[in-house]
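Only one structure is covered here, and it is reproduced in the block below.
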Amino acid sequence: MTPAAATGSTIRPRLTLFALTWPIFIELALHVLTGTVDTFMVSHVSDAAVAALGVSNHMLGLLMTLFNVVGTGAAVVIGQLLGARDERGVHHAATVALLANAVVGLVVSAVLALQAPTFLGWMGLPPALLPDGVTFLTLVGGGLAAVAVSLTLSAILRAHGYTRDGMWVTLGVNVLNIVGNLVLVFGHFGLPALGVLGVAISTLVSRIVGMLVLFHLLHRRLGLRPRIAELRGHWRGHMANVLHIGAPSAGENLSWFAMFTLVTTFTAQLGATALAAQTYVMQAVGLMVIFSQSIGAGTEILIARQVGAGRREAAYRQLLHSLRLGVLVATALAAAMAVGGRAFVGAFSADPAVIALAASVLVWSLVLEPGRVFNLVVINALRAAGDARFPLWVGLLSTWGIAAPLAWLFGLHFGWGLVGIWWALSIDEWVRGLAMLARWRSRAWVGKALVPPPLAAQPA
1 MTPAAATGST IRPRLTLFAL TWPIFIELAL HVLTGTVDTF MVSHVSDAAV AALGVSNHML
61 GLLMTLFNVV GTGAAVVIGQ LLGARDERGV HHAATVALLA NAVVGLVVSA VLALQAPTFL
121 GWMGLPPALL PDGVTFLTLV GGGLAAVAVS LTLSAILRAH GYTRDGMWVT LGVNVLNIVG
181 NLVLVFGHFG LPALGVLGVA ISTLVSRIVG MLVLFHLLHR RLGLRPRIAE LRGHWRGHMA
241 NVLHIGAPSA GENLSWFAMF TLVTTFTAQL GATALAAQTY VMQAVGLMVI FSQSIGAGTE
301 ILIARQVGAG RREAAYRQLL HSLRLGVLVA TALAAAMAVG GRAFVGAFSA DPAVIALAAS
361 VLVWSLVLEP GRVFNLVVIN ALRAAGDARF PLWVGLLSTW GIAAPLAWLF GLHFGWGLVG
421 IWWALSIDEW VRGLAMLARW RSRAWVGKAL VPPPLAAQPA
């Protein structure tokens, strides 16, 4: 009897790209909304409070990458095990991933709760902002264990095709966070106005509630009850597979963020107008990228199962279908943003120079964004097939050998400004993207599956 059958859960999710992708898109959009809501609420307290919150969230964002090592790896490993019809292996891999992220999360939470002033000092937070920063980082950082576990629970459910669960839980967490902010930040129902402390409490409580709901769904949907005793003789192999996928993925993401941080220092040298324009452009890019990320995540779920089942040809065709769809959507969105760029940026800024510069960069995004799709979608497919190291090495070579030096050359040395920097980023995206597509077409990923296919597997 499968775990799902044992609990009476007979409803199976539809495993089509659209059915998997649209809930992921909404979930990702809601995650973006969470930070926006917190910032909006705190902006009514003071600009200093917003600055303290921003620095703290930057550090928390970096730590999320650490937790995603296990979450990303677990999703692929479990997907391949599901394709191979190894129910016992699925249970063991899920348990290993949950325990690993729980332990890491608890350690990180304890360190942040005890050493928040030290870390914020390293981040260069001015002394006047330290009280608010320490308050937020101590509470929210101290509760990161809940985030680490939630990421893993969501990855397990997503690998099984239950992408709507993550969407609904994230929606609930957002609603709870908004209500908590309204009550605690501004002091309603007879409670004192707590400002940043109110945001921290609301964020912490909503995340813990979200984690508990995900635990309930894990048992209800899959009948999984993690037990340490069952892992004897199994945990090393599963943990090695999880890290084989998750570690290169995290390394690739960290490398890109480090490169973009360096490029932002180039933008800063161009002046306040360029820096403001880049900020607004990245807001627009964030909205466009969510579509590509959701298509990539849905593709990863499908291909992991197909590879685990030994259906390599089906996996090969699935990527090409997803890529065509992703490029079409990204091009349409970039075209819309290129046409409406002035209106979009004008909603944030009244400075004509900022609006003009940002709008010109958004026109160039019509070239950049389709190239980004190749990376977001094809890299997810390679990862799902077990080929996780190739994207890391290509990413390191391209971001540091092409993006960073060309951004300096075009933006500063040749004096082409922010548009020149975007040219450099576009070249990097297309070089990496075409390299990923060539890797997929070469079928070098065949044979890199983490689990053996079932005996009944037939090529399709």
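Sequential numbering of the sequence shown, starting at 1, is according to our numbering.
C-beta atoms are modelled at their ideal positions from N, C-alpha and C, and glycine is treated no differently.
It should be emphasised that the depicted structure is a prediction, and the values quoted were computed from it without experimental measurement.
Secondary structure at G401: helix, using DSSP grouped into helix, strand and coil. Inside the region 128-172, DSSP marks whole alpha helix (DSSP H) runs of 4 or more residues at positions 130-136, 144-159, from first to last along the chain. Looking only at I178, N380, G61, the smallest Cα-Cα distance to G79 is reached by N380.
Shortest Cα-Cα distance from D38 to any of F390, A338, N177 involves N177.
Using a C-beta cut-off of 8 Å, the region 392-407 makes no contact with the region 441-456, since fewer than three inter-stretch Cβ pairs fall below that distance. Under the 10 Å beta carbon count, S442 is surrounded by fewer than 16 other beta carbons and is classified as exposed. Straight-line spacing of the CA atoms in A359 and L434 works out to 27 Å. Per the C-alpha coordinates, the member of S109, W168, G133, G420 positioned closest to A145 is S109. Our two residues, A347 and V205, have alpha carbons roughly 33 Å apart in a direct line.
When Cβ pairs closer than 8 Å are counted between the two stretches, the region 65-79 is seen to touch the region 237-251, the count reaching three or more. Nearest to L114 by C-alpha distance, out of V179, T135, A388, is T135.
For F266, the enclosing alpha helix (DSSP H) stretches over residues 235-269. Inter-residue distance for T261 and L409 is about 16 Å (C-alpha atoms, whole angstroms). Excluding the 5 residues flanking it on each side, L217 has same chain C-beta neighbours closer than 6 Å at D165, in chain order. DSSP places G415 in the coil class of the three-state scheme, outside both helix and strand. Sequence-distant partners of N181 (beyond 5 residues in either direction) whose C-beta falls short of 8 Å from its own C-beta, in its chain, are V37, D38, M41, G198, V199, S202.
For A388, the number of other beta carbons within 10 angstroms of its own is at least 16, and it is reported as buried.
In the assembly as shown, G310 is a buried residue. Its beta-carbon has 16 or more other beta-carbons within 10 Å.
For G326, the secondary structure class from DSSP, reduced to helix, strand or coil, is helix.
Ranked by how close their Cα comes to the Cα of G298, the residues L323, G308, M282 have L323 in first place.
Only buried fits L319, as 16 or more other CB atoms lie within 10 angstroms of its CB. Taking the CA atoms as reference points, A424 sits about 7 Å from I402. Selection W422, P405, V173, R88 evaluated against M282 yields W422 as nearest (Cα-Cα).
Secondary structure of R342 (DSSP, three-state): helix.
Excluding five sequence positions before and after V96, the CB atoms of its chain that fall closer than 6 Å to its own CB belong to W235, H238, M239, given in chain order.
As summarised for the region 343-402, the continuous alpha helix (DSSP H) elements at least 4 residues long and confined to that stretch are 352-373, 379-384, 389-398, given in chain order.
For T331, the closest C-alpha among the options S365, V149, I24, V196 is that of S365. Listed in chain order, the alpha helix (DSSP H) elements of length 4 or more contained wholly in the region 61-134 are 87-122. In the three-state reduction of the DSSP assignment, F215 falls in the helix class, which pools H, G and I. Taking every protein chain shown into account, the CB of E313 has fewer than 16 other CB atoms within 10 angstroms, so this residue is exposed. Selection A100, Y280, V70 evaluated against L243 yields V70 as nearest (Cα-Cα). In this model, A74 and L151 are separated by some 10 Å (Cα to Cα).
Annotated three-state conformation of H31 is helix, per DSSP. Nearest to A274 by alpha-carbon distance, out of W430, A343, V354, is V354. Setting aside the 5 residues that flank it on each side, A100 is surrounded in the same chain by V70, each with a C-beta closer than 6 Å to its C-beta; the list follows chain order. In the same chain as L224, and ignoring 5 residues on each side of it, the C-beta atoms closer than 7 Å to its own belong to P3, H91, A94, L218, in chain order.
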